[in-house]
Structure formats: structure tokens, C-alpha cells
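Protein chains in written order, with the numbering used here: chain B, 269 to 382; chain U, 16 to 918.
For every residue, glycine included, the Cβ atom is placed at its ideal position computed from N, Cα and C.
None of these values were measured; they are calculated from a predicted model.
Here the structure is laid out as C-alpha cells; the discussion comes afterwards.
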């Protein structure tokens, strides 16, 4: 991993996980791969933190889990979004987009001459 | 995925530890596999994967903690969901059978309601602090236990004191304690004799200060106004009186208020809710020095309040600590001791809390009845619970197919049991709500029937009663639901599925029989109580007091203002008034006496020749005396046994004569010797009064009293200080009493040269008050007995009806085989009666054992009165037969064709 690595902001991981699950139920490893791939390996996420986030969101009722079979025929725990999770994803995405555009706006702006 | 399915899955899962371990392992393995595929060595890939994951142990621990929390929460949620489902199931079941629900709820309402009503009564009488008083914990009431080593019967405890005692206790009290005293008396709200009477509390010392009460308007009494030697006619109004009479106006401060013959000045108003600390609510407060009843105002004797013979002041003290309270008691003991040593008795003062009603001795019978009502209420609740248990059991039995199916489907036994408890709880709650409504008016009713003159502040249902009712409801719910829960969820019921018989196996429940026996037995106890009280009332009413009380009317008059001259004039005029009343229509005879029969008595020492000391004996220590006009005996219905009565010739200056009653003649003279004997009055060397006649006994004071020796003197020959008539006694026909009373009152009012207050009353009316306690006991226990009987009857009916329902098939077969309908009916009835007879036998045994608890409230009948117990047994058997009639009729009409076809 030679690319510059970014530390993830607290809470952002949740949005990423929810986003990953918005396509289909996935097990933890698949989610990790999805985030890694989507970010072009830019984020340095400890996989442990990903699991903590998953379990916390399950406790909150945003995702639910069940055991199933992976593509390779192994027993794996699959997570899926609950309606509450879907609502949370919408809310968090909006917040995120506002944040991004705000940062971007500041970055593009030039100081006004007095 | 359905909810139910997920619940099954959860059972498959292992512990959260294993779960997390498997999840993490899968992740690491998958990552390693991928890295190896990308060309790394196994070791490097492993290290790489772990590095990407972070601290595996720490993360795993955290995940397990989260999962465990989640599992915990889910378990709780499932439990609540289960309860919710059960609740819905039960409610639907209850709504489907409204008859059952109403019956069970009504039964429990009676049981819970009876307890709440009695609790609300006992709470006020024994446990509740008087309202409106601040810092009740620091207040103590003084009691004094007097005992006499020589005569055990002279031992008693009193909560009332005379004024010198109050003074000495106040003087001896520790510095930290403050002492006050009070006495309640009625005053008229105005000069008019017909003006309504209100209750006044006369205060000694810093009454309001000790109680920590602040005026709502104006002020309370000053130290000067409280001085017993002074005379300061000031009044503090009660809040309620202020509102009802003066519309809460502040302008009344400083205004005059006429109370009876006296004029007071209004100086203040007591705060809302405060009605004093006596059992009866005070309407207003007056300084002790205006207390007319003790001669405080009218007699104008300087030391009237030193009178040691009037014990009616209650003492209340505020003490800062328990130690100070003990010190107060010790010092009061010393102070009071010095006042009684003269009489050779010893006494110990003690302090009690202010809670509960003071001066219970004035309401002894009513308090005794109240306490026993507590026991009665508990018995009613037991009967109700037994009945409801039975009904729920029957219901459980009716549902055993459903239960068996649910058990087979894997519903846990605990959950089934819970459903029965929930069912019982639910009906108990419905019953509890109904019970509160019952308490609302039943409690008020009981309060006023039992103790009408007690200050019943607040409604019958207050916070404490509410909490009590809720507790009793929960208790009743659990008690009634427990047995059905255990029996109804019994897996043995699955036999019902395999049995093949249409109604399932016929089960004869020992529990149900036992519950029926219990109900019958407890009903017997209550009914026996009712019977004993009714018999007592009959006995008391049958007592011959010695007068034709239904025919007698008393009339007396007193001046409007307490005036010795007018009092004297009235007495002088009374013989003329009596002579005129003779002509009132309906009046048969008129006589005069110093005291009306059973309205007080006098004692004059009497000496017989040959004896050194005065004649002693009878319930009053000495013979009692009344002075009467010649026609008195015939007027009141006392009959002459020997010799003669008085005539007009027994006048002053003629030979001194007297008449004695039979008891007196028997007690002091050998048979037949009384007539002609001499009796000297007041002193041994007084002139001889010769006994000329013997008359029948008559009661002196009360309906229930031992025969008292009594003698009569002609009014014309009465000793000085006694000699004048105080009351006119009129004889009429029983049905004319009220008409004659009114006519006499009119005739009397205008007979004097000045306005007077007249008192005219039929003798029956005064006696009626004495029967009150007996009537009360009879009425309350009868009501309880009837409730018990009703509940027990319902219990018998529903149980027998259920058994018949279960045995329809068997009965049908029997009838098909030739059994007669009448025979079937008899068998059914016999079954019910058998159970009840066992209950009756047990109940009678219990009633005999409990008899001594009510013995003190009975008269002329013992607790094991065979007539009462026999009647109770008969009533119960009759009720049992009546309750079995409908089920028996149904059994007799079972159509054999129908049952056989159903096979």
C-alpha cells in the first residue's frame, strides 16, 4: 500500500458500511473489500473497527444479521439493512454531502481583496 | 423471514463468544486466502491479515460485550411480547364469555370492596393523624393508668383529666415540652332554643401553638384570654363554618357572635381542613374560661375550674424528642400520683401518638364492632377468592383441549401457567375498580351508620385506601390464579387428547371440593356471627325495664338564659302545669318526679335501725331514690306488690312514709318484714320514715343493668334541697306519643311568664339509643353473612353445573339404560348437599372456637347457642339445595338420543 492513507473520521465508517449494505446483504469481509475498493485503497481502516461498527449498528437496530453460506461454501455471518438502517443511511448521506460541499466550497474560495 | 422463525434460529446459536470467534476467524481466513492467491507466503499473509484487523483479542472482547447486551435486551423484549400476546389472548377469552367475567369480577369486587370499606373506617379510627396539624410526630396524647392493688376491678386507663391535674402536668412538664388541653361541648348557634347546635372545642393553654396551626384570618387566643380566672368571650371560627355562615368574609373579625346565652367576639379563623384533634370535628374554638357546662360563665364562682370531679379535659403535648416524651410521662406520673394518693390507688402516666381517635372509651361498642368487621372483611375476601379460584379452575378444565394442543405444540408450561395468573389478575383488576366504586359510597355509608358523630374528614377513598385496595387486588389476583395456574397447565391434561371421549376424561377435582367446603365453612362462621347478634338484639329488646316505656312522655322546661330565679319559678309552677296538661287530649295520666325514669338518679344515705352504717348494695353502691307525686306509679306502669302507694294525704306534716322496690325489700329485710319498718335519711338520728308499700323493680339508668335497690319518697315530704319536681311524666297510648308530645310542648311553652326551652320526649326514643349498638352489630354482621351466603351459593351452583356439564355423556347413557330423570336429579342434589354438610360441620367447629372473640358483644346468648347454629346449618343446606336445582333439572332433561348420537 503505497498510496497516502487517510484516517477515517468517527461516524463516517457507519455511512460507508450502510452504503455497502444498501446493495445487498453481505458478510463482514465483503464489506471490508467493498470499502477498500471503493476508496481506491485510500482509507486505512482497521478491519476490527469495521466489525465493531457492524455489531453496534445491529444493537441500534440499523442492521440485522444471520448465518449463511459464503460463495466459497463456508459459514459466514451476513448483515442486511433494516428499514431503520435505510432511514439512517439517507440521513447520514445528506449530512455527509453537506459536509463535503462545505469543505469543497471553502477549498475553492479565494480571499476577497479589501 | 418471520419473527417466529428467527426465534427458533436463535436457539441454534451458540454462545456470543463462539459466534464472534467464528465470525472473526472467517474474516481472517478469507483475507489470508486472498493474499496467498495474490502471491504472499502463508506466514506473511497471516501477519498481514492480523495487522489489517488490529488487536484481535480486544476487538473480540468488545464484540462479545455488544452481542451479550443485545441478547439480554432481546430476551426482555421477547418476554414482554409474550406477556402482551398472553394478555390479548386472555382479554379475548374474557370478552367471549361475559357472563363468567362479570360473575368473577363481581365476586372479587365484593371481597375487595368489603376490605377497602372496613380499612377506610379502621384507618381513620386507629391510624390516621388528625388533619391540618403540623409535625404530628412531635405530638403526644397523655393517658393515665390507675390501678388499685386491693380491687382489681378498679383498674382502668383514662385519657381525660380534671383541671387541677392539667395544671399540675403543665407545671411539671420538662422545659422542652409544651402542654395544652381541650374539651369538646355543644353550643347553640344563637339565642333561639331551636338554633342548630355546633361543636365547640374549649382550649386550655397554648392549644393552637402546640398543634402548630396558623390562623387563616385574624388571630388565635392570647395568654390573657386563656387565663381560667378571666372571662374573655372571644371565638375562633372553623374554616368550614366561616365559609358556610359568613361566606369567608374578613369583615366578620371583631364582630359579635351569639352562642347560646352568651355573646362572643370573633377574633380569628382556623385554617382550612383543621377540625381539632378530638374524635368529633370542632366547628369553632372558645377559651376554657367561657365553658358554661362547668359553670365557667354563669356561676361566677372564683374557683369553679378547681372542681376535681369533672374529668373531661384531654391533654396533648409537643415534645422535641422521644426522650423528652418519656421524661414528660415520668414527670406527669409524679404530678398525677400526688393527686390520687388520697384514694389509695397508684397510677402511671404514659404518652401515645396522636394518630387514631382519642377517647375510645366513649365509643367502646362501636370500636369493638369496627375491629371485628376487619376479621369479617378478611373472611369475605377468602370466600370470594375460593369462589373465583373454583370458577377459574372450571374454566381451565373447559379449555383443556386447547391447553393440551398448546402444550403439544411446545408452549412452555410456565407460559401457560402465567396465562392463568394473568387471567386472574385481569378479572381481579376489574373487580378492584368496581370495589373502589363500592367503597366510595359504601364507605361513606358505613362511617355514618357506625359513628355518625366522628369527624370524617375527606372522602372514604383516599390515597391510603387506594394503595390498600390495589394491594388487596393484587393479592386476590395471585391467590385466585395460583391453583388454576398449577392445575390448568398440568401436562397430565394431554390425556384429554388421547382419551377419545368427547368431553375428555371426567375429572373429579379434590381441590374444587375442598374450596367448596371452605366457602361453606366460612359462610357458616359469618352467618353464625349474624345470628348471634340478632339473638342478642332480640334479648336486649325483650328486657323489661320496668316501665310502660312505649306509653310514657317526659316534659321539662328550663330558662333561656341560665338564671337561678327563673329556674326556681319553673319548678314552683310545674305542679300547676302538670294539672293543666291532664286535659290535653290523649293524655291518660300525669305525674311529677324530681328525675325522669332512667334519666339520672339521686342517692341519699339511708339508715335502718340496728345497723351502724348506711345501707349499701346494688350496682350504684347504695339504694337510689326518686321523689314522686301520688299518681306516679300508675303513670309509668310500676305495679304495687304489697302495702299501698302514695296519696294526697302523704303531705308535709303528716307521718313520713316511703315505698321501696322488691329488690330493696329483699336485700335489707327478712321476707315480709319491710312494710312497717323504719328508715332514716341522711343521718342515723333523723326522723323515722315508715315503709308503707313495695313496688315492682324498674331500671335506674340503662337497659342492661342489675336489679338496683330503690326507694321512693312523696315529693311533699322530700328532704330539703331535694324537694321539688323537675319533670312532668305523662302517660298516653303508644300510637298517640308523637301527637301528645307536640301538644304538651305547645302547652308548656306558654305556661310561664317568660320564654323557656322545653324538652319533650317519648321514653321509647331515649331507649332506642341504647339499642343502637345491638342493632348495629346485627345489621352489619347480617349484611356480611348475606354477602357470604350469596357468594357461597354462586360457588355451589357453578361447580355443580360444571360437573353436570362434564358428565352429560354418562348421564345420557344412564338415562338410556332406564334411569329416571327424578333419580338423576336427586343424585346431583345429594352431591352438592354432601359437600355443604361437610363445610357446615367444619364451620360450626370454627364458629365455636372463635366464639370468645364476640362474646363481649353479645347479650343473653352464648357463642355456642344451639338455636343459632342449627338455623345457620339449615339455611346453608337450603341454599345448597336451591343452588343445585337448576343443574339437577338440566341433568334430568339430558336427551339420551342426543348423547349417544354424539358418540
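With residue i and residue j assumed to form a contact (beta carbons below 8 Å), what rounded beta-carbon distance in angstroms separates them?
i                     : j                     : result
residue 661 (chain U) : residue 674 (chain U) : 7 Å
residue 224 (chain U) : residue 193 (chain U) : 7 Å
residue 280 (chain U) : residue 269 (chain U) : 7 Å
residue 621 (chain U) : residue 610 (chain U) : About 17 Å; that fails the 8 Å criterion.
Return no unless some Cβ of chain U is closer than 8 Å to the Cβ of residue i.
i                     : result
residue 273 (chain B) : Low local confidence applies: a pLDDT of 43 at residue 273 (chain B) is under 50, so the model's placement there is unreliable, with the coordinate-based value given in what follows. Not an interface residue.
residue 314 (chain B) : yes
residue 367 (chain B) : no
residue 350 (chain B) : no
residue 356 (chain B) : no
residue 347 (chain B) : no
residue 344 (chain B) : yes
residue 321 (chain B) : no
residue 317 (chain B) : yes
Quick one: does residue i have its CB under 8 Å from some CB of chain B?
i                     : result
residue 42 (chain U)  : yes
residue 7 (chain U)   : Outside the displayed range of chain U (16 to 918) lies residue 7 (chain U), so it cannot be described from this structure.
residue 517 (chain U) : For residue 517 (chain U), the pLDDT reaches just 46, beneath the cut-off of 50, and the residue's location in the model is therefore unreliable, although a value from the coordinates is still provided. Answer no: the Cβ-Cβ gap between residue 517 (chain U) and chain B never drops below 8 Å.
residue 96 (chain U)  : no
residue 428 (chain U) : no
residue 144 (chain U) : no
residue 496 (chain U) : no
residue 85 (chain U)  : yes
residue 491 (chain U) : no
residue 520 (chain U) : Note on residue 520 (chain U): pLDDT 44, under 50, position unreliable in the model; the coordinate value appears next. Residue 520 (chain U) does not count as touching chain B.
Below 8 Å CB to CB, which residues in the same chain sit around residue i once its five sequence neighbours on both sides are set aside?
i                     : result
residue 582 (chain U) : 573, 574
residue 6 (chain U)   : Residue 6 (chain U) lies beyond the residue range present for chain U, which begins at 16 and ends at 918; the question has no answer from this structure.
residue 313 (chain B) : 276, 281, 300, 303, 304
residue 516 (chain U) : Note that residue 516 (chain U) scores a pLDDT of 45, beneath 50, so its modelled location is shaky and nothing firm can be said.
residue 115 (chain U) : 109, 406, 410
residue 786 (chain U) : 552, 555, 556, 718
Can you list, in chain order, the residues of its chain with a C-beta nearer than 6 Å to that of residue i? Leave out the 5 residues immediately preceding and following it.
i                     : result
residue 217 (chain U) : 198, 301, 303, 306
residue 129 (chain U) : 392, 395
residue 33 (chain U)  : none
residue 145 (chain U) : 292
residue 793 (chain U) : 548, 549, 552
residue 487 (chain U) : 127, 130
Can you list, in chain order, the residues of its chain whose CB lies under 7 Å from that of residue i, leaving out five sequence neighbours each side?
i                     : result
residue 479 (chain U) : 138
residue 433 (chain U) : 101
residue 329 (chain B) : 350, 352
residue 210 (chain U) : 203, 204
Assign residue i to one of three DSSP states: helix, strand, or coil.
i                     : result
residue 590 (chain U) : helix
residue 277 (chain U) : strand
residue 838 (chain U) : helix
residue 685 (chain U) : coil
residue 349 (chain B) : strand
residue 454 (chain U) : helix
residue 881 (chain U) : helix
residue 598 (chain U) : coil
residue 270 (chain U) : coil
residue 777 (chain U) : strand
residue 56 (chain U)  : coil
residue 923 (chain U) : Residue 923 (chain U) lies beyond the range of chain U shown here (16 to 918); nothing can be said about it.
residue 531 (chain U) : helix
residue 169 (chain U) : The pLDDT assigned to residue 169 (chain U) is 48, lower than 50, so where the model puts this residue is not dependable; a value taken from the coordinates is nonetheless given after this. Helix at residue 169 (chain U).
Return yes when the Cβ of residue j is within less than 8 Å of the Cβ of residue i, no when it is not.
i                     : j                     : result
residue 866 (chain U) : residue 596 (chain U) : no
residue 907 (chain U) : residue 828 (chain U) : no
residue 50 (chain U)  : residue 66 (chain U)  : no
residue 31 (chain U)  : residue 70 (chain U)  : no
residue 399 (chain U) : residue 122 (chain U) : yes
residue 321 (chain B) : residue 285 (chain B) : yes
residue 535 (chain U) : residue 864 (chain U) : no
residue 776 (chain U) : residue 569 (chain U) : yes
residue 331 (chain U) : residue 369 (chain U) : yes
residue 154 (chain U) : residue 161 (chain U) : no
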